[in-house]
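Just below is one structure, and these are the notes that go with it.
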Amino acid sequence: MSTAWETVIGLEVHIQLNTQSKIFSGSSTAYGAAANSQASAVDLGMPGVLPVINAEVIRKAALFGLAIDAAVAPQSIFARKHYFYPDLPKGYQISQYELPIVSGGHLDVETAALGKRRIGITRAHLEEDAGKSLHEDYAGQTGIDLNRAGTPLIECVSEPEIASAAEAAAYARKLHALVCYLGICDGNMQEGSFRVDANVSVRRRGETTFGTRTETKNLNSFRFLEKAIEYEIERQIDVIEGGGQIVQETRLYDPDTGETRAMRSKEEAHDYRYFPDPDLLPVVIEPAFLDELKSGLPELPDARRARFEQTLALDADSAALLTSTRATADYFEAVLASAGGATPERARLAANWINGELAAALNRDDLAIQASRVAPAQLAGLLLRIEDNTVSGNAAKSVFEGLWQGEADAADAIIEARGLKQITDSSAIEQFVDEVIESNPEQVEQYRSGKTKVLGFLVGQVMKASKGKAKPQDVSRLMQEKLDT
Amino acid sequence: MSLSESDVAKVAQLAKLKLNESQVPEYAAELSGILEMVETLDSAETDGVTPMAHPLDLSARLRADSVTETDHRDAFQAIAPKVEDGVYLVPRVIE
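Note that the protein sequences, when read in sequence, are chains A and B. Counting in numbering that gives the first Met the number 0, the first sequence runs without a single skipped number right up to 484 at its last residue. Counting in numbering that gives the first Met the number 0, the second sequence runs without a single skipped number right up to 94 at its last residue.
Right, dumping it as C-alpha cells:
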C-alpha cells in the first residue's frame with residue numbers, strides 16, 4: 000500500500016451466545032436441527048405473543064463487559080429495529096439502541112508492523128438473530144428456516160481505530176479467544192457463531208476527516224477478513240486516485256476471487272426507525288450481581304500468557320501460541336500437572352511438543368485439541384521418559400504416533416513393545432562403533448586425513464545399526480575417541 | 000410541528016403502506032395534528048427528571064435458560080401459504 004494513504008477500520012462482530020434456549024423464547028438453539036423445528040410462536044412473531052428475556056443472556060453479556068473493561072449498564076433497554084425481510088418475521092428485530100448493556104471497553108492487540116496498540120470498543124449490545132434465507136434449492140423461490148431466529152447475539156462495535164488489515168485480524172482473533180475463554184460463545188466460525196463486518200475507509204495521510212466507508216459483511220474466517228480488507232483498501236485507493244468517489248455501500252467478499260463486490264442495496268436500508276420495545280421492561284443489573292460475576296471471572300488470555308512467560312520462563316511466541324485458545328492452555332497445564340509439577344525445562348519441553356507434534360497431528364486429522372487422541376496424562380508420561388533419557392527424541396516421536404493410533408494407553412507400554420529404550424550401556428554402543436569402523440575403512444581413512452565432516456556419516460551408520468536406540472551424543476563422543484587414537 | 004407530504008410518502012414507503020395521491024395530504028394533516036397534540040408535553044418542566052424507558056415503573060423479570068418449547072412446526076405450517084421440506088417458501092429475494 001502506498002504510504003501516502005492511511006486506512007481507518009472499524010469492526011462490528013456478532014458473537015453468538017452459547018445458551019440452551021433463545022433470547023426471548025424457550026426454543027432450543029441447537030445447531031443443525033430439521034428446518035423450522037425449533038421455531039416457536041414467539042420466534043415466528045405470531046400475534047399476541049410476548050418475549051421474555053433469558054437470564055443467562057444477561058449474565059453472559061455482563062461477563063463480556065467486565066472482561067473488556069467496559070461499563071455494564073445498571074439499566075439497559077431493548078428497542079425495535081425495523082426493516083422488511085422474509086427471514087425477519089416480525090418486521091423488526093429486537094435489538095438495543097439507546098442504553099446498550101455494555102459500553103466503552105477496549106482490547107489490546109499486537110501486530111508485527113504496528114506493535115502493541117489499544118483498540119477502543121464503543122459498545123456491545125444484545126440482539127436477536129434473524130432466520131436463514133435459502134436461495135439455491137427452491138426453483139426461483141426463497142426458502143426460509145427460522146430455527147436461528149431469536150438466537151442471542153452480542154454485537155460488539157469497535158472504535159474506528161484499527162489501522163491495517165493485519166491489525167483487524169489480530170483484533171478479531173483476540174476477541175474470539177476472549178469469548179471462548181469466558182465460555183460465552185462456542186467460537187465455531189463455520190457455523191456462524193462469530194461473524195465479522197468490516198467498515199473500511201481510506202484518506203490521504205494527514206487528513207483529519209474520515210473518507211467515505213464501505214461495509215463488508217459476514218466474514219466468517221480471520222483469513223477472509225484480512226484478505227477482504229486488503230482488497231477493499233486497494234480498491235478504494237484506486238478509485239480515488241483515478242478521480243472517482245467511494246460510494247457508501249454494503250459489500251460482500253467472494254473467497255473464490257478474493258474480491259469484494261457491492262450488494263444490491265436494500266431500499267432505504269438505513270432508516271430503521273428505532274423505538275423502545277414496549278413489550279420489554281428495562282433490564283436492571285444490581286451492583287452485587289456484577290461483583291459476584293467479577294469474582295468468578297476466569298484467568299483471561301493476556302494474564303495467562305504473562306504468567307506462562309514469567310513463572311514458567313516460556314518464550315513469548317510459545318506462550319502466545321499456548322494461550323491462543325483456552326483449550327490449548329488448559330491442555331498444557333494438565334500435562335504439567337500430570338507430569339508432577341512445572342519446572343521451566345519441563346514447561347519448555349511440553350510447550351514444544353504441544354505446539355509441534357501435537358498441533359501437527361491435530362491439524363492432519365482436523366481435530367480440535369479437546370478431541371485430541373493423546374490425552375494430557377499420556378503426553379505427560381512420554382515427556383517423563385524423554386526427561387530421564389529412556390527414549391531419544393526420534394524414538395519419542397514414534398511413541399507419540401503409537402499413542403495417537405491407540406496402540407497402547409501409556410507411553411511406557413509402547414516403548415516396551417516397540418523396543419525403543421535408548422541404549423545407555425556404553426559397552427554395547429562401543430561394539431556398534433567398532434563394527435562400523437571395521438566395515439568402513441575408506442571413510443575412516445578420510446577422517447584421519449583431516450576430512451572430519453565424514454564423522455556424521457559414521458555416526459549415522461551406528462545409529463542405523465542400533466536401530467536409533469543409541470544416544471547420538473554418546474555415539475559421536477565414542478566414535479571420535481576411537482578415531483582420534 | 001407539521002409533517003410535509005413528502006415525509007408522509009416516505010414513512011408510508013418504509014412501512015410498506017400503499018397510499019393514493021388524495022390520501023397523502025389527508026394523512027399529512029391528521030398526523031401533524033397528532034404531533035401538535037403531543038407537543039404540548041414540551042411545556043412540562045423536565046429538568047432533573049430521568050427519562051423513562053417504559054411507562055411501567057418496573058424492571059424485567061428474567062426466565063431461566065432452559066428449553067421449554069416443543070416442535071409445533073406442522074401446526075404453524077398448516078396456515079402458511081407455501082412450504083416445502085419444512086421450509087417456508089416466499090418469492091425470491093436476491094442479495
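The C-beta atom is built at its ideal place from N, Cα and C for all residues, glycine as well.
Presumed contact (8 Å Cβ cut-off) between residue i and residue j, rounded CB distance
| i | j | result |
| --- | --- | --- |
| GLU35/B | MET0/B | 7 Å |
| ILE232/A | ALA164/A | 7 Å |
| GLN140/A | PRO90/B | 7 Å |
| ARG79/A | ILE93/A | 6 Å |
| ILE76/A | LEU98/A | 5 Å |
| LEU313/A | ALA346/A | 6 Å |
| LEU311/A | PRO343/A | 6 Å |
| ILE109/A | ALA169/A | What sits at residue 109/A in the sequence shown is Glu, not Ile. The pair is a contact, with the Cβ atoms about 6 Å apart (cut-off 8 Å). |
| ALA171/A | PHE221/A | 6 Å |
| SER24/A | GLY130/A | With a Cβ gap of about 13 Å, SER24/A and GLY130/A do not count as contacting. |
| VAL432/A | LEU477/A | 5 Å |
| ASP64/B | ASN351/A | Actually they are not in contact, since the Cβ atoms of ASP64/B and ASN351/A sit about 41 Å apart, beyond 8 Å. |
Coarse secondary structure for residue i, derived from DSSP in three states
| i | result |
| --- | --- |
| ILE414/A | helix |
| GLU266/A | Its pLDDT being 48, under 50, GLU266/A is placed unreliably in this model, and the coordinates cannot settle the point. |
| THR484/A | coil |
| VAL334/A | helix |
| GLU4/B | helix |
| GLN74/A | strand |
| PRO159/A | coil |
| LEU296/A | coil |
| LEU10/A | strand |
| VAL41/A | helix |
| ARG363/A | helix |
| MET478/A | helix |
| ASP68/A | coil |
| ASP301/A | helix |
| ARG272/A | coil |
| ASN17/A | coil |
| ILE385/A | helix |
| PRO151/A | strand |
Neighbour list for residue i in chain A, Cβ cutoff strictly below 7 Å
| i | result |
| --- | --- |
| LYS15/B | PHE83 |
| SER1/B | Simply none; closest approach about 19 Å. |
Beta-carbon neighbours of residue i, restricted to chain A and to distances below 8 Å
| i | result |
| --- | --- |
| THR67/B | SER20, GLY25 |
| LEU55/B | LEU280 |
| ASP46/B | Under the 8 Å cutoff, chain A gives no residues; its nearest Cβ is about 20 Å from ASP46/B. |
| LEU30/B | Under the 8 Å cutoff, chain A gives no residues; its nearest Cβ is about 14 Å from LEU30/B. |
Interface partners of residue i on chain B, CB under 7 Å
| i | result |
| --- | --- |
| ALA33/A | GLY85 |
| GLY103/A | Within chain B, no residue comes near GLY103/A; the closest Cβ sits about 20 Å away, beyond 7 Å. |
| GLU55/A | ASP64 |
| ASP499/A | Past the edges of chain A, shown from 0 to 484, lies residue 499/A, and the structure says nothing about it. |
| LEU43/A | PHE75 |
| TYR137/A | GLU83, LEU88 |
Whether residue i touches residue j by CB criterion (8 Å)
| i | j | result |
| --- | --- | --- |
| ARG204/A | GLU5/A | yes |
| VAL474/A | VAL461/A | yes |
| ASP128/A | ASP301/A | no |
| ALA394/A | LEU402/A | no |
| ALA72/A | LEU125/A | no |
| GLN247/A | THR211/A | yes |
| HIS13/A | LEU133/A | no |
| LEU366/A | VAL398/A | no |
| VAL334/A | ARG202/A | no |
| ALA376/A | SER438/A | no |
| GLY85/B | ALA33/A | yes |
Cβ-based burial, residue i [other Cβ within 10 Å; buried from 16]
| i | result |
| --- | --- |
| ARG58/A | buried |
| ARG122/A | buried |
| LEU361/A | buried |
| GLY104/A | buried |
| PHE63/A | buried |
| PHE75/B | buried |
| GLU266/A | Here the model assigns GLU266/A a pLDDT of 48, short of 50, so the residue's position is not dependable, and the following value carries that caveat. So GLU266/A counts as exposed. |
| THR324/A | buried |
| LYS17/B | exposed |
| SER20/A | buried |
| LEU57/B | exposed |
| GLU44/B | exposed |
| PRO440/A | exposed |
| VAL7/B | buried |
| ALA370/A | exposed |
| ASN388/A | exposed |
Per-residue contacts from residue i into chain A (C-beta, under 9 Å)
| i | result |
| --- | --- |
| VAL23/B | Per Cβ cutoff of 9 Å: no residues; VAL23/B is ~18 Å from chain A at best. |
Any non-hydrogen atom of the ligand PLP closer than 7 Å to residue i Cβ
| i | result |
| --- | --- |
| GLN421/A | The ligand PLP is not among the ligands present in this structure, which contains no ligands whatsoever. |
Where residue i meets chain B, residues with beta-carbon distance less than 8 Å
| i | result |
| --- | --- |
| THR141/A | LEU88, VAL89, PRO90, ARG91, VAL92 |
| HIS134/A | ARG91, VAL92, ILE93, GLU94 |
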